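**Student:** First the structure, which I've put down as structure tokens, then a few questions once you've had a look.
Residue numbers (my numbering): 6 to 394.
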């Protein structure tokens, strides 16, 4: 979860990064403290420390959890909750001066239980409002409460903690973290798509979640402008799916949308992060590889794309999304790749893309399904088996 938070932060998704990192670090800190991995030697100091950990982590996780559920959008409710949770910390500070360490530890554990019940009430309220994701959040909370109970028993009386209790506690904690990862991902996934919508505007393609053909044209102009200023080689690759029309005639538009979505997802997974990808017409995709001085790198990308997209796909042939295997068919994309390395600044963007497009259609008849422009002969040839140097 912490690694995912770092990736989100790198992409300027700060809200996701903060919530995920807080949930991960506070949970890990709680477990480490109650398992005795953080020890002060003096039992009295250790119990007071565990009491503060129970209070602090429960307060932080309650706030984070309710924020993930979307219950803190109203500023007035957010202020009241902040004031209430802050009051809990103040009360804990006052009681810590008067209670024995063992009693303060019990107070901390009880506070954690009350905070968990508060978060559970919020999750149940979200379920009643129709939030489907709140069901997973409720399950995560139940697992968290089981894990916290097991850790509390272990901290108070390690000798009486049986292996069965250890297994249940460990399983509950693991399920809690896995479920929270899922909840956070689905809760904030719309932000990822929102960023693309904001970047591409009305030219965003909702089927493939890529640039539409219009926006791809703007991308080509921008990349070629940079290519001419830097005077570095540019890789242009066009992928054509030759059997999209036949798929539509057999199963309809829903199956085509399913196929295009799968092809786009596989493209994004197998292409390096530096490659720019966009739609090109109704049956094609354009890939631009900037600063591609070595031709073998471009060839390796083409081979990876061909290997990924040639795998069979289980398509839902109904407009309604159904489980795999129900009203579905196996489909294999008939693809052709046109690969062109542009090294002269005199080459126009339109000519390069058009040439790669024609090469991709020619590649549909090649054994390798990859057409490469051989500068030595000035002809389009089937990509040889050995790597081009």
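Every residue, glycine too, gets a C-beta built ideally from N, C-alpha and C.
Predicted, not measured: the structure shown is a model, and the values here were computed from it.
Among the candidates 387, 381, 351 and 352, whose CA atom is the shortest distance from the CA of residue 364?
**Tutor:** Indexing the chain shown from 1 puts residue 364 at position 359. The shortest Cα separation from residue 364 among 387, 381, 351 and 352 belongs to 387.
**Student:** For residue 127, which three-state DSSP category applies?
**Tutor:** Locating residue 127 in the chain shown gives position 122, where the first residue counts as 1. Of the three classes helix, strand and coil, the one that applies to residue 127 here is helix, per DSSP.
**Student:** Within 10 angstroms of its Cβ, does residue 346 collect 16 or more other Cβ (buried), or is it exposed?
**Tutor:** Within the chain shown, residue 346 is the residue found at index 341, counting from 1. With 16 or more Cβ atoms within 10 Å of its Cβ, residue 346 is classed as buried.
**Student:** Can you tell me where the alpha helix (DSSP H) with residue 280 in it begins and where it stops?
**Tutor:** Reading the chain shown from its first residue, position 275 is the one you call residue 280. Here residue 280 belongs to no alpha helix (DSSP H), and DSSP marks it neither H nor E.
**Student:** Taking all protein chains shown into account, do 16 or more other C-beta atoms lie within 10 angstroms of the C-beta of residue 46, making it buried, or fewer, making it exposed?
**Tutor:** Walking along the chain shown from the start, residue 46 turns up at place 41. The residue in question, residue 46, is exposed, as its Cβ has fewer than 16 Cβ neighbours within 10 Å.
**Student:** Please report the straight-line C-alpha distance between residue 125 and residue 189, rounded to a whole angstrom.
**Tutor:** Here residue 125 is taken as the residue at index 120 of the chain shown, counted from 1. Here residue 189 is taken as the residue at index 184 of the chain shown, counted from 1. Rounded to whole angstroms, residue 125 to residue 189 spans 16 Å at the Cα level.
**Student:** Going by alpha carbons, who is nearest to residue 251 out of 6, 122, 123 and 338?
**Tutor:** Residue mapping note: residue 251 aligns to position 246 of the chain shown, counting from 1. Measuring from the Cα of residue 251, the nearest candidate turns out to be 338.
**Student:** Check for me: the alpha helix (DSSP H) holding residue 161 runs from which residue to which?
**Tutor:** Taking the chain shown and counting its residues from 1, one reaches residue 161 at position 156. That run of the alpha helix (DSSP H) goes 138–161.
**Student:** Between residue 208 and residue 134, what straight-line distance do the alpha-carbon atoms span, to the nearest angstrom?
**Tutor:** Stepping through the chain shown from its first residue, residue 208 is reached at position 203. Stepping through the chain shown from its first residue, residue 134 is reached at position 129. Going from the Cα of residue 208 to the Cα of residue 134 covers about 34 Å.
**Student:** If I measure Cβ to Cβ from residue 54 and keep anything under 8 Å in the same chain, skipping five residues before and after, which residues do I get?
**Tutor:** Start at 1 with the first residue of the chain shown, and residue 54 comes out as number 49. Same-chain partners within the cutoff: 38, 43 and 45.
**Student:** Could you tell me whether the segment 56–66 touches the segment 106–124, where touching means 3 or more Cβ pairs closer than 8 Å?
**Tutor:** The segment 56–66 is in contact with the segment 106–124.
**Student:** Taking 7 Å as the line, does the beta carbon of residue 172 fall inside it for any heavy atom of the ligand COA?
**Tutor:** The ligand COA is not among the ligands present in this structure, which contains no ligands whatsoever.
**Student:** So what's residue 329 in DSSP terms, helix, strand or just coil?
**Tutor:** As a working note, residue 329 is residue 324 in the chain shown. Only weak support exists for where residue 329 lies, its pLDDT of 41 falling under 50; the value from the coordinates is given anyway. The answer is coil: DSSP assigns residue 329 none of H, G, I, E or B.
**Student:** Taking the runs of the beta strand (DSSP E) that are 3 residues or longer, which of them lie wholly in the segment 221–302?
**Tutor:** Runs found: 239–246, 281–285 and 289–294.
**Student:** Would you kindly work out how many angstroms separate the C-alpha atoms of residue 283 and residue 9, rounded to a whole number?
**Tutor:** What you label residue 283 is simply residue 278 of the chain shown in a count that begins at 1. What you label residue 9 is simply residue 4 of the chain shown in a count that begins at 1. Using only the alpha carbons, I get a separation of about 26 Å.
**Student:** For residue 366 versus residue 341, is the C-beta distance shorter than 8 Å?
**Tutor:** Counting from 1 along the chain shown, the entry for residue 366 is found at position 361. Counting from 1 along the chain shown, the entry for residue 341 is found at position 336. The answer is yes: Cβ separation under 8 Å.
**Student:** Restricting to Cα atoms, I'd like to know which of 244, 153 and 131 is closest to residue 33.
**Tutor:** Walking along the chain shown from the start, residue 33 turns up at place 28. With distances taken between Cα atoms, residue 33 lies closest to 153.
**Student:** Between the alpha carbons of residue 35 and residue 20, how many angstroms are there, rounded?
**Tutor:** Position 30 of the chain shown, counted from the start, is the residue given in the question as residue 35. Position 15 of the chain shown, counted from the start, is the residue given in the question as residue 20. Residue 35 and residue 20: Cα-Cα distance of roughly 22 Å.
**Student:** Rounded to the nearest angstrom, how far is the Cβ of residue 170 from that of residue 158, given a contact under 8 Å?
**Tutor:** Stepping through the chain shown from its first residue, residue 170 is reached at position 165. Stepping through the chain shown from its first residue, residue 158 is reached at position 153. The Cβ separation is near 7 Å, so the contact holds.
**Student:** Give me, in chain order, the residues of the same chain whose beta-carbon lies closer than 6 Å to that of residue 361; leave out the 5 immediate sequence neighbours on both sides.
**Tutor:** As a first step, residue 361 must be located in the chain shown, where it is residue number 356. Excluding sequence neighbours, residue 361 sits near 241, 243, 343 and 345.
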